[in-house]
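If you want this note's numbering, it's the 1-based position in the sequence shown plus 77.
Where a beta carbon is used, it is the ideal one built from N, C-alpha and C, also for glycine.
Since the model is a prediction, treat every value here as computed from it, not as a measurement.
One structure below.
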Amino acid sequence: MLQLAESIPENAIIVDEGLTGAKNLLGFVPLRDRYSYFGMVSGGIGWGIAAAVGVQLAQPDRPVVAVLGDGSSLYSPQALWSAAHLNLPITFVMLNNRGYRILKERLIAFHGDDRFIGMDFDAPTIDLAGLARSLGVEAQTVTNPKDFAQSFDTALTDSRPRLIEVMVEPGPQRRAPN
Numbered sequence: 078m079l080q081l082a083e084s085i086p087e088n089a090i091i092v093d094e095g096l097t098g099a100k101n102l103l104g105f106v107p108l109r110d111r112y113s114y115f116g117m118v119s120g121g122i123g124w125g126i127a128a129a130v131g132v133q134l135a136q137p138d139r140p141v142v143a144v145l146g147d148g149s150s151l152y153s154p155q156a157l158w159s160a161a162h163l164n165l166p167i168t169f170v171m172l173n174n175r176g177y178r179i180l181k182e183r184l185i186a187f188h189g190d191d192r193f194i195g196m197d198f199d200a201p202t203i204d205l206a207g208l209a210r211s212l213g214v215e216a217q218t219v220t221n222p223k224d225f226a227q228s229f230d231t232a233l234t235d236s237r238p239r240l241i242e243v244m245v246e247p248g249p250q251r252r253a254p255n
């Protein structure tokens, strides 16, 4: 998050649906005006990509950076097509922990249950950069944190939408069967 925060332009608008992967984002990024940050309340997920499209349409002269979780992004990936179709210069940073980490954490916290049925994206894994490309968005996957800054700078200077899939540590894992 620190690398991301250090590279965000001062006039950028952040759409934050990073959930568990970006929970410290606001600690690194100053809010410069009342339109510089759009985040979530009440725990709803799946709105981030479409919100970034709407924010960019409403504020065409400011860069928009959407920080998203992989699970919540899978609720509405078709909004990436809208970004490509409208040629919107949005930078999507998708944090891929290969599952619904927020749901896993809540299941453990509220119910003490670590049986994660349908919450892991494996067998097969989901290629989020490939999904974005299939919808017309330039995309790449970053596995090494050292490569993020260059990818992010490239995305910010592009006049088209770009997605950076950042591979991060997975969340809680299933317990071993008894």
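Next on the checklist: Could you check whether the Cβ of G189 sits closer than 8 Å to any Cβ belonging to chain B?
Outcome noted: This model lacks chain B altogether, as it is built from one protein chain only.
Next on the checklist: Less than 8 Å between the beta carbons of V92 and A156, yes or no?
Outcome noted: No, these two residues do not count as a Cβ contact at 8 Å.
Next on the checklist: Quick check on DSSP: helix, strand or coil for A161?
Outcome noted: Three-state DSSP puts A161 in a helix.
Checklist entry - Using CA coordinates, which residue listed in E94, N101, P107 and G95 is at the minimum distance from I256? => result The shown model of the chain, from 78 to 255, leaves out residue 256, and the question about it has no answer.
Checklist entry - Is the Cβ-Cβ distance between D110 and P166 less than 8 Å? => result No, the pair does not count as a contact, with Cβ atoms beyond the cut-off.
Checklist entry - With DSSP run on the structure shown, which of helix, strand or coil describes E246? => result Coil.
Item to check | Outcome for E87 when other beta-carbon atoms lying within 10 angstroms are tallied against a minimum of 16 | outcome: With fewer than 16 Cβ atoms within 10 Å of its Cβ, E87 is classed as exposed.
Item to check | A127 - DSSP class collapsed to helix/strand/coil | outcome: DSSP places A127 in helix when its eight states are reduced to three.
Checklist entry - Is DSSP giving A156 helix, strand or coil here? => result Helix, per DSSP.
Item to check | Rounded C-alpha distance that separates V328 from R192 | outcome: A query on residue 328 cannot be resolved here, the shown segment of the chain reaching from 78 to 255 and no further.
Item to check | Host alpha helix (DSSP H) of L208 (start-end) | outcome: Here the alpha helix (DSSP H) through L208 covers L205 to S211.
Item to check | DSSP bridge partner residues for A143 (one or two, in chain order) | outcome: Paired residue(s): V92 and F169.
Checklist entry - Apart from the five residues on each side of it in sequence, which residues of its chain come closer than 6 Å, Cβ to Cβ, to G131? => result Nothing meets the Cβ criterion.
Checklist entry - Under a three-way DSSP split, which group does T234 fall into? => result Residue state, collapsed to three classes: helix.
Item to check | N- and C-terminal bounds of the beta strand (DSSP E) containing E215 | outcome: Counting along the chain, E215 sits inside the beta strand (DSSP E) bounded by residues E215 to V219.
Next on the checklist: Here's the rule: buried if 16 or more other CB atoms are within 10 angstroms of the residue's CB, otherwise exposed. What is A135?
Outcome noted: It counts as exposed.
Checklist entry - If you run the structure through DSSP and keep just helix, strand and coil, what is R183? => result The answer is helix: DSSP assigns R183 an H, G or I state.
Item to check | Inter-residue spacing [alpha-carbon to alpha-carbon] between S149 and S159 | outcome: So the two alpha carbons sit approximately 17 Å from each other.
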